[in-house]
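S.K.:
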Amino acid sequence: MSLRLITAGESHGPGLTCLVEGLPAGLELHPEELDRDLARRQLGHGRGGRMKIETDRAFVTAGVRHGHTLGGPIALQIANRDYSNWEERMNPWPVEAEVPEVHLPRPGHADLVGVWKYGLTDVRDILERASARETTARVAGGAVCRGFLAALGVEIRSHVVQIGTVHAPQLTAPLTVSDFGGVDDDPVRCLDAQASRAMVDHINVQRKANESIGGVFEVVAYGVVPGLGSHVSWETRLDGKIASAICSIQAVKGAALGDGWELAARPGSQAHDEIFYSDERGYYRETNRCGGLEGGMTTGEPLIVRGAMKPLPTLTKPLQSVDISTREPAQALRERTDSCTVPAAGVVAEAMLAFVLADAYREKFGGDHIDDVRDAVARYCERIGWQPR
Ligand code: EPS
2 MSLRLITAGE SHGPGLTCLV EGLPAGLELH PEELDRDLAR RQLGHGRGGR
52 MKIETDRAFV TAGVRHGHTL GGPIALQIAN RDYSNWEERM NPWPVEAEVP
102 EVHLPRPGHA DLVGVWKYGL TDVRDILERA SARETTARVA GGAVCRGFLA
152 ALGVEIRSHV VQIGTVHAPQ LTAPLTVSDF GGVDDDPVRC LDAQASRAMV
202 DHINVQRKAN ESIGGVFEVV AYGVVPGLGS HVSWETRLDG KIASAICSIQ
252 AVKGAALGDG WELAARPGSQ AHDEIFYSDE RGYYRETNRC GGLEGGMTTG
302 EPLIVRGAMK PLPTLTKPLQ SVDISTREPA QALRERTDSC TVPAAGVVAE
352 AMLAFVLADA YREKFGGDHI DDVRDAVARY CERIGWQPR
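In our numbering, each residue carries its 1-based index in the sequence shown increased by 1.
1) Spatial neighbours of Pro-227 within its chain, please: CB distance less than 8 Å, with the 5 preceding and 5 following residues excluded, ordered by chain position.
2) Could you name the residues that DSSP lists as bridge partners for Pro-330?
3) Just confirm the distance between the C-beta atoms of Glu-129 and Gly-14, as a whole number of angstroms; I'd bet it's less than 8 Å.
4) Note down, in chain order, each residue of its chain lying with its Cβ closer than 8 Å to the Cβ of Ala-272, except the 5 sequence neighbours on either side.
5) Under DSSP, the beta strand (DSSP E) around Gln-171 begins and ends at which residues?
6) Scan the region 193–272 and note each continuous beta strand (DSSP E) run of 3 residues or more that stays entirely inside, going in chain order.
7) Considering only the alpha carbon of each residue, which of Arg-380, Leu-24, Gly-47 and Met-353 lies closest to Ser-213?
8) So, helix, strand or coil for Val-21, using DSSP?
9) Mind checking who Arg-5 pairs with in its DSSP beta bridge?
10) Which runs of the alpha helix (DSSP H) fall wholly inside the region 85–123 and span at least 4 residues, in chain order?
11) For the beta strand (DSSP E) that Phe-356 lies in, which residues bound it at each end?
12) Between the Cα of Leu-24 and the Cα atoms of Pro-188, Thr-136, Asp-360 and Cys-191, which residue gives the shortest distance?
13) For Leu-304, which beta-bridge partners are listed by DSSP?
14) I'd like to check one pair, Val-306 with Leu-258: are the Cβ atoms closer than 8 Å?
15) Have a look at Pro-389 and Arg-42 and give me their C-alpha separation to the nearest angstrom.
16) Using the C-alpha atoms, what's the distance from His-104 back to Gly-120?
17) Taking one C-beta from the region 164–173 and one from the region 186–203 each time, how about it: are there three or more such pairs within less than 8 Å?
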């Protein structure tokens with residue numbers, strides 16, 4: 002991997018940190034672009050009380066000077082405002098007060114296997130790091146990767162296509178960047194107004210019934226050059242890297258590239274994207290069923306990936322569990338939680354895709370200064386006769 006993204010931080014600890022290492026020097030960054038993605042991650046009907054406490058902002062403490070990257074690791078810090086309510090329970094250092102341990106693992110969370118594996122007795126020692134609060138740091142780092150990609154003409158967008166049993170209608174034409182203009186104004190980040198209303202109603206009904214709700218988001222990257230990734234070795238195939246990054250998001254249980262699972266049911270003649278050539282367009286396709294990936298490489302068509310998110314494991318009406326201090330039956334931990342975070346997961350997935358693509362560009366084109374990268378990309382596009390679409 003040419004680029005590294007490391008996060009640190011607990012959900013109710015003092016704050017979160019993200020380190021991004023491997024970007025070139027000379028890349029222009031704007032603080033409002035980092036904060037805009039952090040604010041977008043806080044959106045969505047179905048969030049709990051925590052989002053009213055936090056107003057996430059990234060403070061850059063290394064790697065950037067006067068709005069330009071220096072080529073060294075970039076460090077980003079985001080404070081947990083809620084820490085002021087958790088100072089005794091989450092203090093890095095011993096405290097006077099007695100802090101009771103949590104002994105009620107939630108089915109579907111990291112709680113049980115975590116204490117088991119790490120030899121701990123307090124579930125909080127696991128759940129604090131396992132919490133999806135960590136995605137805040139990924140989004141901050143992803144925004145930096147996104148700035149790098151934007152300098153190379155790549156734009157990433159996302160929308161929600163399913164919440165629980167409610168599906169957005171099938172698209173009749175491929176989406177373009179401009180179709181996403183108002184997506185963040187929609188309460189569930191869905192592009193279809195009627196489906197959005199049904200999704201909001203579904204969340205309300207399920208929330209009243211003490212349920213949490215999952216769903217499916219779709220992320221699309223535009224302007225990606227053909228030939229990122231490679232067919233030559235399993236670990237260089239970009240499909241695998243993207244699926245891994247999407248499935249690493251808390252509560253995501255499935256990733257699909259292009260038409261994904263639907264391809265399995267189709268005959269070959271309706272599963273692939275026929276190849277055409279014209280002097281004006283060069284090589285092109287009329288369809289994009291493969292989601293912009295063939296043989297582990299980008300095709301130059303928009304890159305499309307979906308992620309399926311399970312309902313969150315913290316339920317207001319808890320599931321059956323076991324008290325790990327007594328091994329007696331007990332109800333799982335009941336904590337303040339969100340009922341639906343699929344809209345936010347789409348924003349997190351944009352960050353993860355931005356990281357994977359930025360890494361692939363770094364690997365293929367190298368360069369110490371952003372102008373070196375731009376020149377290398379331009380030379381390559383000229384050699385293969387490809388223009389962004
Ligand atoms: C989370 C539980 C909730 C979520 C949290 C993820 O936090 P709290 O326990 O403080 O109410 O709001 O997500 C965030 C804090 C966030 O920023 O997205 C969990 O258990 O995973």
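For every residue, glycine included, the Cβ atom is placed at its ideal position computed from N, Cα and C.
M.R.: The short version:
1) Met-298, Thr-299, Thr-300, Gly-301, Ile-385 and Trp-387
2) Val-323
3) 7 Å
4) Asp-260, Leu-264 and Arg-290
5) Gln-171 -> no beta strand (DSSP E), and no H or E assigned at all.
6) 216–223 and 253–258
7) Gly-47
8) strand
9) Glu-22
10) 112–119
11) Careful: Phe-356 lies outside any beta strand (DSSP E), inside the alpha helix (DSSP H) at 343–366.
12) Asp-360
13) Ala-222
14) yes
15) 28 Å
16) 14 Å
17) yes
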